[in-house]
Every structure is written in structure tokens, then in C-alpha cells.
Amino acid sequence: MGSPANDVTTTAEHTIFRWDSTASEDARTRMIFEGNRQEINNYLQAVDQIQTLLNSGDKSTKVNNVIQIAMARLEDEFRNILIANSTPIETETGFEPVLTPRTTPRSSSFNKSESPESEESISRISSASFTDRNERSVTFASCRSMNSIREQDLLPPERILDLRSIAQRMIAAGYFRECVQVYGSVRKSVVDGSFKKLGVEKLSIGDIQRLEWEAMNAKIGRWTRAAKVCIRVLFASEKKLCKQIFEDLGTLAADDACFIETVKSPANQLFNFVEAISISRRSPEKLFKILDLHDSLLELLPDIDDVFDSKPAESIRIQAPEILSRLAEAVRGMLSEFENAVLREPSKVPVAGGTIHPLTRYVMNYISLISDYKQTLGEIIISKPTTGSRHCDITAPEMDFTEHEEQPPLTLHLIWIITILQFNLENKSKHYKENSLAQLFIMNNVHYIVQKIKGSLELREMIGDQFLRTLTRIFRQAATNHQRATWIGVLHCLRDQGLHSTGSFSSGVSKSALRERFKSFNAIFDEVHRTQALWLVPDEQLREELRISILEKLIPAYRSFLGRYRNHISENYIKYSVEDLENGVLDLFEGYAVSQHSRRRSQ
22 MGSPANDVTT TAEHTIFRWD STASEDARTR MIFEGNRQEI NNYLQAVDQI
72 QTLLNSGDKS TKVNNVIQIA MARLEDEFRN ILIANSTPIE TETGFEPVLT
122 PRTTPRSSSF NKSESPESEE SISRISSASF TDRNERSVTF ASCRSMNSIR
172 EQDLLPPERI LDLRSIAQRM IAAGYFRECV QVYGSVRKSV VDGSFKKLGV
222 EKLSIGDIQR LEWEAMNAKI GRWTRAAKVC IRVLFASEKK LCKQIFEDLG
272 TLAADDACFI ETVKSPANQL FNFVEAISIS RRSPEKLFKI LDLHDSLLEL
322 LPDIDDVFDS KPAESIRIQA PEILSRLAEA VRGMLSEFEN AVLREPSKVP
372 VAGGTIHPLT RYVMNYISLI SDYKQTLGEI IISKPTTGSR HCDITAPEMD
422 FTEHEEQPPL TLHLIWIITI LQFNLENKSK HYKENSLAQL FIMNNVHYIV
472 QKIKGSLELR EMIGDQFLRT LTRIFRQAAT NHQRATWIGV LHCLRDQGLH
522 STGSFSSGVS KSALRERFKS FNAIFDEVHR TQALWLVPDE QLREELRISI
572 LEKLIPAYRS FLGRYRNHIS ENYIKYSVED LENGVLDLFE GYAVSQHSRR
622 RSQ
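Just so we're aligned: the sequence shown equals residues 22 to 624 in the working numbering.
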């Protein structure tokens, strides 16, 4: 008769052999952990008893064979529990990340249709819902909010306890690596499934850099949302599950090892995308999406540090700040490229009617968006712009920033962009044949710049009133120059000189000289009316101010001239009444032809 210890050992061996899938059909078709709790406890107790023999020094072949059979069985059970209870996170309904004011994408408001077509660099310038294997809805209680991280319970609590009981025995028996491999192989496929649902494709850095910008733009939008879900939900929940199963088992930080085994590939893929973007061609039109990426990654940094806080996760954790630094460098490069593009935008065909140039609209819309990102850009842009440099045979204007020395570097860059825009507009104005139209063009465009600055509280605060006053003086001076170039000839006809036979006002009036004077006045005014009705001042208030200013000079001079000389000449030579002139001036700057006959006084 054997001892009680031998009887216990024999019973343990019998239990383990009974579930040897290589020797029993029943064992191959049934799973222990799908049976009743008593069977589960009996098997685990049997494994513990054999393990006790090993720990006490029994290294016999028989005991080793028994423990190997037991470990193979537990590995199968471990795998089966994971597969049976693992489904991808419902990324659409399980979590919707909240976008903070800092990370709300704003670049979608940038209207590329307003960019000029002539320059490529400018124009392109709670509870979680799960579904089991039979698609039945299973709801687990649990979404624990921890700052911005939202951990979900990925498996039911009783399944987690079963997995932990198996892992504990496999690790104790020296099967740490096997346990981690099984866990990783099953959970990796689950994580990959969730990752795929988020729309993050597996692309190499080369693939990403070869994408057209529109396609890349769409992928950046998907990445921004996916990154939040991955870090705050998917990876955080996987880490929680690893801790629930493996924490404090063995001496090799099994929970950290399993976690990295599970998420390393998708985490690297997630960061590879941003890294590829950060080293791609620095086109100005990419700036705002890159800033959205930068802000999203910056916001995620504390969560990344929290989720990947272990030593095995260090290689993943350090990627984020490194990529953030490269994104910041890319932003600085893109801003510099934008400045160069504004300077060298080469279109030479004058815009019809001296209206606002597409470049002006594009640049000011761009600057307005820059002001939306002033917090981020204020941290990234740390040096003032370089002035007076030469780009493609174009020498940039010199600019003394002394009067703006109290302004931060970002503000200096905005002032510099407006300065080189104005410089480019001055060059474009030279392509107009009429100086008066060139001055109208400058007036329209600089006035538009001023109004865009005034229309944005943030932009006005950044630019400052001092520079705004400078711009206002420029467009008002252009308006004055336009009036002088246009009306000096008209008003010259209304002078007294040359109309008296002996040169004295009291002498007789030369009727022939007076007739020629009226003919000249009529012809010049006709020409001004014909051409400048086609010119355009799109801002209604500015248009009215310009007309009023013209009328204030023209009407009193004409009324006085008529008063002095009307009785000395036939009415046939007086083509315009005062009212006709007023109506004629009101036709100007509308951008379309107006019939002069409708303005003429009846003969």
C-alpha cells in the first residue's frame, strides 16, 4: 500500500494524463476551462502538486514529462480563452475622443481656391460595447477615466482570473516565454483588427512620402483621431489587461513584456506615419495640417509617457518627443518656404481694373490661419526672419526690426510676410500702363490687408497698431496719388490762365480759348469716365470715400468755372451740368461700362 503522498501524486498525474490531447479524443475535443468549475480546480490543483514535486527536488524524467504535458495543455487553454473572449474594440461607438480647443483642426477653413494659379508653391500653398464570436452583444462595465486616458475592460473578470491562474503556473514552471508568445500572438491580432478599423494603413515611410498631398491630407485627419483612440483607449486598455493577468508574476516584469509584445508593431506604425510626414517636402500648403499633427502629438505626450512608462517600452516612448521636434523643424521650414514663395510669386499679367490680386487674398487668408495657431507657433518660431536676402534673382527688401524689438519672433514673421507681399505688389503695379491705375491697385490691395488685420482680433493684437497705422498711411497715400494722376488734367482745364485776351482777369474773355478749354475738359472727363468706370474698388466704403474725395475737389471747381464763363460761350459747348458730373463720378470704380448718354444733360 502506497503512502498518502504517493496517492496524491498518482491522482495528480492521472488528472493531467486524462487531459493529454495527444492521447485522448475526449481531451482533444473538450476544453477544461469551458467545463465546470470543479474540473478546472482539480486540474489546477494537480499542476500545483506536480510543481511542488519539482520544487522539492524531484527532477525525475516522469515528473518532467508530466509537467511538460500539463504546460502544453495550459498553453492550449490559455490560447483558447483569449481567442474565445477577444474581439476588436468598437472604435466607433466605444470611444469618441474629445478634441480640446488647442487640437481642434482649423486648417479645413483654408480656402485653397483663393490661391493664385501662377506659383505652384503658393497655389497648393460609461460602458464599452463588444461583440462575441457569435456576434452577440456583450457589455462590460467599465471605462475608467484616468485624466484623458479611458481604459476599457477587454475581457470578463472571471476570464481574466482564469488566464492569470494559468499564467501563474506556466511562469512558475519556467514557461514564461511560451506564455508571453501565446498571449502576444492572440492579442496582437486583436489589436491589429482594432487598428485597421481606425483606418491607419500599414505604409512604409517611402509609401507615405510618395502620396499626393490630397491623399496625405485625408490620412492625416484619420491619423489624428486614430492616435487618440490608440493611445488613450486601445493601448491603455491592453496595458491594463496585461497587468490584470501578469502583474507580480515571476521576476521578469511579465506584464510589461506582454504589453510590448502586443502593441509594439502598431505603435511603431502609428509613429512612423508622423515621422514620414515630418521629413517630407516642406510645402507651405502643408503647414496647417502639420500644426494639427504637432498639436495632437503634443497633447498626447503625457498619455504616451503614462502608457509606455516601463523600461521595455522606452524605445516607443522616446519616439514621440523626437518626432515632435522634427515636426517643429518642418513647420519652421514651411514658414520660410512660404515667405520665399510670397517674395518670388512671378505673375506679371495685371489684374483687370486694379482690383485685389489673388496673391493678396491667399497670403492674408494664410496669415489669418497662422494667427489661429499663435500658441503653438509662438513656441516653435524662436528666431526673427532674415531680411535683405536674395532668392531666384529677387532681392528681398531690407527691414529694420528695431521699432518692433518688443514683439515676439512670430509677430515679426507676420510683419515680414506682409512687407514682402507689399514689395511684390509694388513690382506688380509697374505692369500697369496708367500710373493712376497702378496707384488704385496699390490702394485696393493694401486696404484689403488692413481690413483683414482689423477683422481678426487675434491678428490685430499680434500685428499691433503701429504697423497697422503704417499700412493705413500707405493705402491712403496711394489713393491721393491716384487722384492726382487722374484729376490734375481735368482740374487744369478749369483754371483761369489763358482765357483772357491780355492776360488780365478784368480784360475780355477769349471765346476761342474758352471753347477749346471746354472741349478739352469734356474730352478728358469723357475718357476718365469711360476708363475708370471699368476699374474696380471692391470695398464699398472705400469706393464711396474715393468718390466723395473726388467730388469735393471737382464739383466746386467746375461750379465756379461755369459761374464765371457760362455767359461767354454757347450752351452747345457746355456738355456737362454739375449734376451730370456728380452722376458721372458715381459711375466710377464699379468694374463695368456705363453709358455716358444716360448722364448727359439734354441739349
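The beta-carbon is built from N, C-alpha and C at its ideal position, and this holds for glycine as well.
Quantities reported herein were computed from a predicted structural model and do not represent experimental measurements.
Check, Outcome
"Cα-Cα separation, Asp601 to Ala544", "14 angstroms"
"Residues of its chain near Arg208, where Cβ-Cβ distance is below 6 angstroms and the 5 sequence neighbours each way are ignored", "Thr283"
"Assigned exposure category for Arg551 - 16 Cβ within 10 Å defines buried", "exposed"
"Alpha-carbon spacing of Asn85 relative to Pro178, whole angstroms", "32 angstroms"
"Start-to-end residues for the beta strand (DSSP E) that takes in Arg171", "170 to 173"
"C-alpha distance - Arg46 paired with Thr36, whole-angstrom precision", "Note that residue 46 is Glu in the sequence shown here, rather than Arg. If you take the alpha carbons of Glu46 and Thr36, they lie about 15 angstroms apart."
"Straight-line gap, Ser570 to Arg353 (C-alpha atoms, nearest Å)", "45 angstroms"
"Distance, Asn448 Cα to Ser139 Cα", "With a pLDDT of 44 at Ser139, under the threshold of 50, the modelled position of that residue is not reliable, and the figure given next carries that caveat. Using only the alpha carbons, I get a separation of about 16 angstroms."
"Nonlocal neighbours in the same chain, by C-beta distance under 8 angstroms from Ala614, ignoring five residues either side", "Arg551, Ala554, Leu555"
"Ordered list of alpha helix (DSSP H) runs contained in the stretch 477 to 530, each at least 4 residues", "478 to 484, 486 to 513"
"Separation of Thr397 from Val295, as counted between CA atoms", "17 angstroms"
"Start-to-end residues for the alpha helix (DSSP H) that takes in Cys279", "275 to 299"
"6 angstroms Cβ shell around Glu335 - same chain, five flanking residues per side excluded", "none"
"Alpha-carbon spacing of Ile187 relative to Lys240, whole angstroms", "42 angstroms"
"C-alpha gap between Leu442 and Val599, whole angstroms", "41 angstroms"
"Same chain, Cβ closer than 6 angstroms to Leu103, neighbours up to 5 away in sequence not counted", "Val207"
"Strand pairing of Glu611, partner residues [DSSP]", "Leu557"
"C-beta contact flag for Ser286 and Leu348 at 8 angstroms", "no"
"First and last residue of the uninterrupted alpha helix (DSSP H) at Trp244", "234 to 250"
"Residue of Gly374, Leu572, Ser357, Ala459 minimising C-alpha distance to Trp508", "Leu572"
"Beta-carbon proximity list for Asn293, same chain, < 7 angstroms, skipping 5 on both sides", "Ile226"
"Of the residues Thr108, Met92, Leu492, the one placed nearest Phe216, counting alpha carbons only", "Thr108"
"Endpoints, the alpha helix (DSSP H) within which Arg180 is located", "178 to 193"
"Inter-stretch contact at 8 angstroms, needing at least 3 Cβ pairs: the stretch 496 to 503 / the stretch 460 to 468", "yes"
"Option in Cys251, Gly214, Asn289 with minimal Cα separation from Leu224", "Asn289"
"Proximity below 8 angstroms, CB of Ile339 to CB of Leu480", "no"
"Three CB pairs or more closer than 8 angstroms across the stretch 362 to 372 and the stretch 312 to 320", "no"
"Asp41 versus Asp313 - alpha carbon distance", "57 angstroms"
"Close Cβ partners of Ile403 (< 8 angstroms) along its chain, the five nearest in sequence each way excluded", "Pro430"
"Span separating the alpha-carbon of Ile229 from that of Ala297", "6 angstroms"
"Cut-off 7 angstroms between Cβ atoms - residues of its own chain near Ile377, not counting five sequence neighbours on either side", "Asn465, Asn466, Tyr469, Pro559"
"Cβ-Cβ separation, Val328 to Ala257 (assumed contact under 8 angstroms), whole Å", "5 angstroms"
"Ordered list of alpha helix (DSSP H) runs contained in the stretch 296 to 366, each at least 4 residues", "308 to 328, 335 to 338, 340 to 365"
"Asp276 to Glu172 span [Cα, whole Å]", "16 angstroms"
"Through-space distance from Glu482 to Glu566, alpha-carbon basis", "27 angstroms"
"Neighbourhood of Thr31 by C-beta distance below 6 angstroms, restricted to the same chain and skipping five residues each side", "none"
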